[in-house]
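K.L.:
Once you've had a glance at the structure underneath, I'll fire off some questions.
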Amino acid sequence: MRAALWLLALFGVAVATALFAGNNQGTITLYWPPYRIDLSLNMVLLLLVGGFVTLYAALRALAALLELPHQARRWRVQQKERAMHAALLDALTHMLGGRFIRSRKAAVAALSQEHALEASGEAVPHGKQLRALAHMIAAEASHALQDRATRESHLQDALQEAPMRGTVNEQEMHEGAQMRAARWSLDDRDASAALERLAALPQGAARRTLALRIRLKATRLDRQTQEALDTARLLGKHRAFSPAAAQSIVRGLATELINSAHDTAQLQQIWQSLETAERNMPELAIHAAQRLAALGGEATQVRAWLLPVWERMVDLPDALADHHALKLVRALEAGLDELDGPWLARIESAHQANPRDARLQYLAGMACLKRQLWGKAQQLLTQAAQQLADPYLRTSAWRRLAELAEQRGDDSAAASAWRQAALNR
């Protein structure tokens, strides 16, 4: 469509020119005493146009001739810039490919090219950012080569090229260099140096996912369990891990924190510092209760921590894993000597609601045994011993049945029970 319009316009100009030139009778007379020159108007117009075109072409040719030295200089600068960027790309490519010596050499070559351009007065606008990046690549390669002295030298040069109070790009480069240096310190098993690097970051950068991941590893390496737990919570909120992985990490750190308690007061303080969702984890509640009992804590407090897990097992039997339920039964069994009335009622009602649950039968039988209800204890433990899948609980049930048989003087039943206990051990 555009070509057709241009063609029509060209035809229009040709027709207008033909009409003007064909009927133009005008003349132009030049007087140069004693001469007189008569020229047609069409000829004068053609001469003017031809002269203008000739003069314009001559000026353009002269400008191009004078521009040749500048173009040659720009071409040389462009070739140097291309070589500099090619060296930087080679450094990055070699580093990704595991050729760290070549990567460092290429990064140094890129720095040399940049210095040469700057010395010739043709510095690139992004020179500082390029130098900082080249120093970081050289430092990364030196770290892989276990050359710490060279690594630190390039790192300091990169930090100088990208100051914290510079432009936005320079600030980003500085923060990235600090985080990378913290990762290097973590690889060197120097947790304190890694934490110092992270502490030098601004508040916004310190809360980024990458920085939090490094902080988590550093605090765990430095045995700062509380700090590691707080960091893991932040990572979980940022969705840095899958929900299952985040829960596993938090659970492990909380377990370490519980194990670090040396007395009941410290353990209770740690337990209160945990979030509600963490205190509702069955494994954490059972472990904390067992730890409290081991430290000589009150049995009432132990059972109070176990109560949410107990209610979960009774209300939703399939919601609690078997190994967690077994740990809960063992933890409650350890405190049966001081079991109060409400808990006896809970155990009895739970057994009545789930009469086929061998674990509840065993717990109810042990509670009856502690209350010297021999007949009922024997009945419950006999039923439980034949159904329990856990070897420890099954052996414990047969042992108690053997002791009950010895108390009533039934030697054959006692011998049979002791035999079963030995076989299930």
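Counting from 1, position 30 in the sequence shown corresponds to residue 30 in full-length UniProt numbering; the numbering is continuous, with no gaps.
Ideal Cβ placement from N, Cα and C applies to all residues, glycine included.
All values derive from a computational prediction rather than experimental measurement.
1. What are the uninterrupted segments assigned as alpha helix (DSSP H) that are 4 or more residues long and contained completely in the region 214-259, given in chain order?
2. For Ala417 versus Trp398, is the C-beta spacing smaller than 8 angstroms?
3. Suppose contacts are defined by Cβ-Cβ distances below 8 angstroms. Is Leu381 in contact with Arg400 by that definition?
4. Would you call the region 60-76 in contact with the region 99-116, where contact means no fewer than 3 C-beta pairs closer than 8 angstroms?
5. Going by DSSP in three states, Arg148 sits in which element: helix, strand or coil?
6. Of the residues Val168, Ile249, Ala384, which one's Cα is nearest the Cα of Leu216?
7. So, Leu314 versus Tyr362, is the Cβ gap smaller than 8 angstroms?
8. Could you give the distance in angstroms between the alpha-carbon of Asp147 and the alpha-carbon of Ala261?
9. Assuming Leu284 and Arg233 are in contact, meaning their beta carbons sit under 8 angstroms apart, how far apart are those beta carbons, in whole angstroms?
10. So which of Gln386, Leu145, Glu81 has the shortest CA-CA distance to Glu118?
11. Given a cut-off of 8 angstroms on the beta-carbon distance, is the pair Met95 and Ala141 in contact?
12. Going by alpha carbons, who is nearest to Ala421 out of Gln171, Gln129, Glu403, Asp410?
13. Confirm, please, whether the CB-CB distance from Ala162 to Ala138 is below 8 angstroms.
14. Using a Cβ-Cβ cutoff of less than 6 angstroms, which residues in the same chain neighbour Glu256 once the five nearest sequence positions on both sides are dropped?
15. Nearest to Ser120 by alpha carbon, out of Ala63, Val77, Ala177?
16. Thr42 to Tyr31, Cα distance in whole Å?
17. Indicate whether Ser192 and Asp222 have their beta-carbon atoms separated by less than 8 angstroms.
18. Here's the rule I'm using: 16 or more other beta-carbon atoms within 10 Å means buried, otherwise exposed. How should Ile347 be labelled?
19. On the DSSP letters alone, give me the boundaries of the alpha helix (DSSP H) that Thr276 sits inside.
20. Roughly how many whole angstroms lie between the Cα atoms of Ala377 and Arg371?
21. So, at 8 angstroms on beta carbons, what are the nonlocal neighbours of Arg60 in its own chain, with the 5 sequence-adjacent residues on each side left out?
22. If contacts are defined as beta-carbon pairs under 8 angstroms, then Gln178 and Leu201 qualify, I think. What distance do you get, rounded to the angstrom?
23. What is the residue span of the alpha helix (DSSP H) that Arg419 lies within?
24. Run through DSSP, which three-state label would Arg183 get?
25. With DSSP run on the structure shown, which of helix, strand or coil describes Asp315?
26. Could you please give me the residues that DSSP links to Thr29 through a beta bridge?
27. Is Thr167 helix, strand or coil by DSSP?
28. Apart from the five residues on each side of it in sequence, which residues of its chain come closer than 7 angstroms, Cβ to Cβ, to His174?
29. What runs of the alpha helix (DSSP H), each 4 residues or longer, lie entirely inside the region 376-407?
30. Would you report the Cα separation of Phe11 and Ser40, rounded to the nearest angstrom?
31. Going by C-alpha distance, which of Arg408, Trp271, Glu275, Ala91 is nearest Gln290?
32. Tell me the rounded alpha-carbon separation between Gly97 and Ser153.
33. Using three-state DSSP, classify Arg356 as helix, strand or coil.
34. Which residues bound the alpha helix (DSSP H) around Pro282?
35. Between which two residues does the alpha helix (DSSP H) containing Arg330 stretch?
P.N.:
The short version:
1. Within the region 214-259, the alpha helix (DSSP H) runs of at least 4 residues that lie entirely inside it are, in chain order, 225-237, 243-259.
2. Closer than 8 angstroms, so yes.
3. In this structure, Leu381 places its C-beta atom within 8 angstroms of the C-beta atom of Arg400.
4. No, they do not touch.
5. Helix, per DSSP.
6. It is Ile249 whose Cα lies nearest to the Cα of Leu216.
7. Reading the sequence as shown, one finds Val at residue 314 and not Leu. Taking 8 angstroms as the Cβ cut-off, Val314 and Tyr362 do not qualify as a contacting pair.
8. Cα to Cα, the separation comes out at about 41 angstroms.
9. About 14 angstroms separates the CB atoms of Leu284 and Arg233; that is not less than 8 angstroms, and the two are not in contact.
10. When only C-alpha atoms are compared, the closest one is Glu81.
11. Yes.
12. Considering only alpha carbons, the answer is Glu403.
13. Not closer than 8 angstroms, so no.
14. Around Glu256: Thr225.
15. For Ser120, the nearest C-alpha among the options comes from Val77.
16. At residue 42 the sequence reads Asn, which differs from the Thr that was named. Those two C-alpha atoms are separated by around 19 angstroms.
17. Taking 8 angstroms as the cut-off, the beta carbon of Ser192 is found closer than this to the beta carbon of Asp222.
18. Flag for Ile347 reads buried.
19. That run of the alpha helix (DSSP H) goes 276-279.
20. Within the model, the alpha-carbon separation for Ala377 versus Arg371 is close to 9 angstroms.
21. The beta carbon of Arg60 sits closer than 8 angstroms to no other beta carbon from its chain once the five residues preceding and following it are set aside.
22. In this structure Gln178 is in contact with Leu201, their Cβ atoms being roughly 6 angstroms apart against a cut-off of 8 angstroms.
23. 411-423 is the extent of the alpha helix (DSSP H) around Arg419.
24. The DSSP-derived three-state label of Arg183 is helix.
25. Taken through DSSP and simplified to helix, strand or coil, Asp315 comes out as helix.
26. Answer by DSSP bridge pairing, in chain order: Asp38.
27. In the displayed model, Thr167 falls within coil according to three-state DSSP, outside both helix and strand.
28. Hits under 7 angstroms: Leu159, Ala162, Pro163, Met164.
29. Runs found: 391-407.
30. Our two residues, Phe11 and Ser40, have alpha carbons roughly 25 angstroms apart in a direct line.
31. With distances taken between Cα atoms, Gln290 lies closest to Trp271.
32. In a straight line, the C-alpha of Gly97 is about 23 angstroms away from that of Ser153.
33. Coil at Arg356, not helix or strand.
34. Pro282: member of the alpha helix (DSSP H) spanning 282-294, first to last residue.
35. In this chain, the alpha helix (DSSP H) harbouring Arg330 covers 322-334.
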